[in-house]
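Asks: Please read through the structure below; I'll follow up with questions.
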Amino acid sequence: MDRFWKGLIGLTILVVVAIIVLAQFTTVFIHPHTWYILGYQIFLSVFSYVIVLRGAKKGGIVYMNHVMGASTFRLLLGGIVLCVYYFTVQELRISFTVTFFALYFLFTLFEISTLLSKLRKISESVEKTDGKE
Numbered sequence: 079m080d081r082f083w084k085g086l087i088g089l090t091i092l093v094v095v096a097i098i099v100l101a102q103f104t105t106v107f108i109h110p111h112t113w114y115i116l117g118y119q120i121f122l123s124v125f126s127y128v129i130v131l132r133g134a135k136k137g138g139i140v141y142m143n144h145v146m147g148a149s150t151f152r153l154l155l156g157g158i159v160l161c162v163y164y165f166t167v168q169e170l171r172i173s174f175t176v177t178f179f180a181l182y183f184l185f186t187l188f189e190i191s192t193l194l195s196k197l198r199k200i201s202e203s204v205e206k207t208d209g210k211e
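Residue numbering for the sequence shown follows the working numbering, starting at 79 and increasing by one per position.
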């Protein structure tokens, strides 16, 4: 199993356990749409990974273009979701926004750490081929 999938499953389990513990054993308010937000973040992570994986197969600048494209797509779609929720639902907007950004940053950090390891491998292979020319 790929490092990404193991990490995504591990992170998801960790987040689910944290949400359940916070809901059951503390007075911290958990937004009713937290599970939808979590599912949305998982979907975006998988979607971004698939896009970046396609770019990694082509290598070089194509890989970087796919990384930037996936990051831009993730950011814009997140902004759209927040705006739609914020302007259509009047109650619990702040709680939704805090929950959304907490999970957004957590899953984005996970993606960055996964992508950096792939980028190192690609960079090393480019350096080796550059030295042979």
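Note that the Cβ used here is the ideal one computed from N, Cα and C, for glycine as well.
Nothing here was measured: the structure is a model prediction, and the numbers come from that model.
For a quick check, are the C-beta atoms of residue 130 and residue 144 less than 8 angstroms apart?
Replies: Cβ distance < 8 angstroms, so residue 130 and residue 144 count as in contact.
Asks: Return the residue from the list 193, 187, 177 that minimises the CA-CA distance to residue 100.
Replies: If we check each option's Cα against that of residue 100, 177 comes out closest.
Asks: Can you list, in chain order, the residues of its chain whose CB lies under 8 angstroms from that of residue 192, leaving out five sequence neighbours each side?
Replies: Correct list, in chain order: 81, 82, 85, 127.
Asks: For the alpha helix (DSSP H) containing residue 170, list its first residue and its last residue.
Replies: First-last for residue 170: undefined, no H or E at that position.
Asks: I'd like the span of the alpha helix (DSSP H) that includes residue 108, first residue to last.
Replies: No alpha helix (DSSP H) holds residue 108; DSSP gives it neither H nor E.
Asks: For the candidate residues 93, 134, 105, whose alpha-carbon lies nearest to that of residue 115?
Replies: If we check each option's Cα against that of residue 115, 93 comes out closest.
Asks: So the candidates are 198, 195, 188, 194; which of them puts its Cα closest to the Cα of residue 124?
Replies: The residue with the shortest Cα to Cα distance from residue 124 is 188.
Asks: If you reduce the DSSP assignment to three classes, tell me which class residue 137 lands in.
Replies: Looking at residue 137 - three-state DSSP - the assignment turns out to be coil, as it is neither helix nor strand.
Asks: Let me know if residue 133 comes out buried or exposed under the rule of 16 or more other beta-carbons within 10 Å of its beta-carbon.
Replies: Residue 133 is buried by the Cβ-count criterion.
Asks: As a quick exercise: from 91, 150, 140, pick the residue whose alpha carbon is nearest that of residue 113.
Replies: That would be 91, whose Cα lies nearest to the Cα of residue 113.
Asks: Confirm the yes/no value for this check: CB of residue 187, any heavy atom of the ligand NAP, distance under 7 angstroms.
Replies: Among the components modelled here there is no ligand, and therefore nothing to report on the ligand NAP.
Asks: Are residue 182 and residue 147 close, meaning C-beta to C-beta below 8 angstroms?
Replies: No, these two residues do not count as a Cβ contact at 8 angstroms.
Asks: Report the rounded CA-to-CA distance for residue 185 versus residue 120, giving the unit in angstroms.
Replies: In a straight line, the C-alpha of residue 185 is about 8 angstroms away from that of residue 120.
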